[in-house]
Amino acid sequence: MWLIKRLLKWAAMAVLAVVLSIALLIFGVWAYHKSIVAQTPGALVTASFPGPLGAMVNPFSGTGGVWWLCAHNTPAATAPFGMVRLAPDTQSYLFKRRGTNRSGYYYGDNQTAGFSHTRLVGADAQEGGVFRVFPTVESRIEKTRPKGRTAKFSHTYEKAFPGYYAVRLSSEKVLAEMTATPRVGVHRYTFAEGERPILILDATSTLGDKRCENGVVRILPASGEIEGSCRVYGSFSGRYGGLDVYFAARAAQPFSSHGISKNGAFSPGATESAGNDLAVELGFDSGKSPVELRVALSYVSIANARKNLDAEAPPAKSFQDILEETKKAWEDYLSRIRIEGGTETQRRIFYTALYRTAMMPTTFSDVNGEYEGFDRQVHRAEGFTYYTDFSLWDTFRTTHPLYNLAARREQGEFMRSLLEMAKAGGAFPRWPSGAGYTNCMFGTPADVAVSEAWLKGIRDFDGEKAYQILRRTVTTGPPEGSRFAGRHGLKEYLQYGYCPTDKMHDAVSATLEYAWEDHALSLFAAALGHDADAAEFAGRGQFYKNTWNPATQFFQPRDTAGNFPGEFRPLALSYTDVKQKYTKDYVEGSPMQWRWCVPHDHDGLIALFKSRGYFLEELENFMAKSRKSLAPWHPGSHYWQGNEHHLNAAYLFNGAGRPDLTQKWVRWILETKHADNHIGLDGNDDGGTLSAWYILSSLGFYPIAGTTRYELGAPLFDRAVVDMNGPLLTVVAENNGPKNMYVQKVFLNDTPLDRTWFTHDEVAGGGMLRFVMGPQPKENETP
């Protein structure tokens, strides 16, 4: 017996030791991470400075936090909507991993593998990371494979502003600076005195664990140039067979040595090679610092990459010349909305958010207009720039409505680009990236984005052609041969008036969003004079009601027999319901969160609840029970500012006669769910979607996407002027302040506004929206 007791005692001690070891390990990792993120940029001094509005931007915002809920932003040097986003690709010193760094950069890291030229912004997907450049003072190319080339850095010695990024790499004794034109990445490396500069260009690099094949590289020593190509298989490009990327690079100084590494074997003096693991080493004489390298991209050919290089970054232009041009481009974009009042932190959050809205979509056509289309053929954009990388399932809600106000010229080109994709591929995409359909997410969000653009006077595209393609896709589906997945369950949706759970997954979410999309198409059809279509789509816009269960007061999965089967748990969250037992019909959220996803019909949604008072009580609870901290490790089942489908929730109080609650909760979100630090946001920014929510809500109104209607909220700033490509919309908040969040009166062009909304037509020619604020709700708005 004593032996058993002793063995049990030893076992207990062993278990305790293991538990303590794990706890110490977790604490050590946490403490190490905290020591990294506690570092604040500011100690690095360079000769480059931002413009007045650029100085209000924090490019490091949204680059850190809990990695699975990170905003996935990047401090990349880039031009507005540029093809090139030149930034460090970082990794953790502890884990040596890059798989969690969706944009290539994570604030919790303290090592970099070099500086690559492409990436998505704000998306939970790894795409790009091409042609990474690594500066060093020793020939590492023959000693290590690409994943072994890393350099240490500290955030203390980083610096970034729109169009510029710099960092001091302590282990390599080099200051790395970079800027960019729309299609060219411009590198400048200043090495310690007496060191021999070496640049390693990885011709087959990618982000994370993605792959790159069919690499080709050529060195032209006489002209100091390098050129090449590869096919990238990223999170998205891998879905449609890969994306060919081409480059042409030029060093500002002659290199004194060169060579090529293939599969880790270095060949000094080699000038050409092909394979799946290629890198070029360029050596420069000591005393030749700083060393400059300009890398132009194209998705058509090396010849086009060279044209981009010659047109945008010719030898006659210095690094500083190019930086000044890019700074001006950013100042022009940021100046489209001028704000006054608020705190300095609020102004920094605002202009950082506005900056984020111009980091995607991505320029995809070359200076001669050529681009690879969705039919994988070369096309030419005549009179416009062709773009790609539209996070449409997200951006149609806030970012594109913002473009309809403050980026109308670009929005016209975005719509033309989407139409060209539809013409080449047979249907409008929902998350196009590079040269193909990714079929990420669900539904047909282009219905909303395109319809709204047309309704708000964006007429730089063939509206009738666009409408007919959209109509076909949601009526009979994409044409045979199209790679677009279309609406899952379209046949059943039309047959039953909802998506039945026994025929598909995501049935509730799909029904709600299909109805919203159909409502937008009804308005588009009416604007074009298709009255019969308008009536049909308007009817389909009410299909959301067919999944409402009066007994539970929730939208629930319904089968083909009309029943609501299975156990219902309104707080079940798809992220934690691993087996999808309770959430298979809800996308990225809980039934509680999807309960409010009817932005296009507030009155209809409210009427489904057993009373107006009950609606208000439930909506207030939904907001009040949300997580109070910024970017918590677990988003919870109630309001979460980190995902898109219920971003409209705070504005629903308007329709129920309680605009004071809209004002209260909008101000709460503005003040607690957006920050001027490395965390920045509650979740993925998704191409500027959360950033655009902040911009619009801080102006005092919020768009109902797919319509011309804006819901009134609570303006954050005393004055804002929005340049709508000529006409000016001025928003004034009198008696505004931190405690004066409640609207007492609203005037539109000096006429009292007796409703909680206005339309785009009322401000399209410019005008003034004037709020009178106070510390308490209006008397007739309280219960």
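According to the working numbering, the sequence shown is numbered sequentially starting from 3.
Glycine included, every Cβ here is placed at the ideal spot set by N, Cα and C.
Check: Can you tell me whether K493 is buried or exposed? The criterion is at least 16 other CB atoms within 10 Å of its CB, across all chains shown.; Outcome: exposed
Check: For H762, which residues in the same chain have their Cβ closer than 6 Å to its Cβ, ignoring the five residues on either side in sequence?; Outcome: K458 and T710
Check: What number of angstroms, rounded off, separates the C-alpha of P785 from the C-alpha of T513?; Outcome: Any answer about P785 is weak, because its pLDDT of 47 lies below 50 and its placement is not dependable; what the coordinates show is given next. Using only the alpha carbons, I get a separation of about 34 Å.
Check: When we look at the beta-carbon of A81 and count the other beta-carbons within 10 Å, is it buried (16 or more) or exposed?; Outcome: buried
Check: N112 by DSSP, collapsed to three states: which one?; Outcome: coil
Check: Closer than 8 Å by C-beta to I304: which residues in its own chain qualify, once you throw out the five before and the five after it? Chain order, please.; Outcome: E229, G230, S231, Y248, F249 and A250
Check: Give the single residue among P481, R721, G728 and T401 whose Cα lies nearest to the Cα of N738.; Outcome: R721
Check: Can you tell me where the beta strand (DSSP E) holding Y744 begins and where it ends?; Outcome: Y744 to L750
Check: Cβ of D449 within 8 Å of Cβ of E519?; Outcome: yes
Check: May I ask you to report which of helix, strand or coil DSSP gives F133?; Outcome: coil
Check: Between which two residues does the alpha helix (DSSP H) carrying A509 extend?; Outcome: A509 to L530
Check: Please go through the stretch 628-681 and give each complete alpha helix (DSSP H) segment of 4 or more residues, from N-terminal end onward.; Outcome: 654-657 and 661-674
Check: Note down the Cα distance separating N441 from Y500, rounded to an integer number of angstroms.; Outcome: 21 Å
Check: With distances taken from CA atoms, which of S367, L663 and A49 is nearest F321?; Outcome: A49
Check: May I have the straight-line CA-CA distance separating L632 from V668, to the nearest angstrom?; Outcome: 15 Å
Check: State buried or exposed for R410, treating a residue as buried only when at least 16 other CB atoms are found within 10 Å of its CB.; Outcome: buried
Check: Terminal residues of the continuous beta strand (DSSP E) containing K264?; Outcome: S259 to K264
Check: Among V188, G243, H521 and Y516, whose alpha-carbon lies nearest the alpha-carbon of R134?; Outcome: V188
Check: Between which two residues does the alpha helix (DSSP H) carrying W759 extend?; Outcome: From DSSP, W759 is part of no alpha helix (DSSP H) but of the beta strand (DSSP E) over W759 to T761.
Check: Suppose the cutoff is 6 Å on Cβ atoms and the five residues either side in sequence are ignored; what does the same chain contact list for G375 look like?; Outcome: H381 and A426
Check: Tell me, to the nearest whole angstrom, how far the beta carbon of L672 is from that of S700; I am working on the premise that it is less than 8 Å.; Outcome: 6 Å
Check: What ranges does the beta strand (DSSP E) occupy inside the stretch 321-400, keeping only unbroken runs of at least 3 residues that lie completely in it?; Outcome: 339-342, 372-374 and 380-382
Check: Using DSSP with H/G/I as helix, E/B as strand and the rest coil, what is K547?; Outcome: helix
Check: Measure from the alpha carbon of L654 to the alpha carbon of each residue in E342, V452, S239 and L618, then state which is nearest.; Outcome: L618
Check: Do you know offhand how far R757's Cα is from S337's?; Outcome: 30 Å
Check: Please determine if the stretch 465-474 and the stretch 328-345 are in contact, where contact requires at least 3 C-beta pairs separated by less than 8 Å.; Outcome: no
Check: Mind checking which residues open and close the alpha helix (DSSP H) that includes G606?; Outcome: H604 to L610
Check: Figure out for me which residue from P61, F624 and V86 has the closest Cα to the Cα of Y108.; Outcome: P61
Check: Classify F773: buried if its beta carbon has 16 or more other beta carbons within 10 angstroms, exposed otherwise.; Outcome: buried
Check: Name the residue from V369, Q379 and T390 whose alpha carbon lies nearest to the alpha carbon of M361.; Outcome: T390
Check: At what residues does the beta strand (DSSP E) containing A178 begin and finish?; Outcome: V176 to A182
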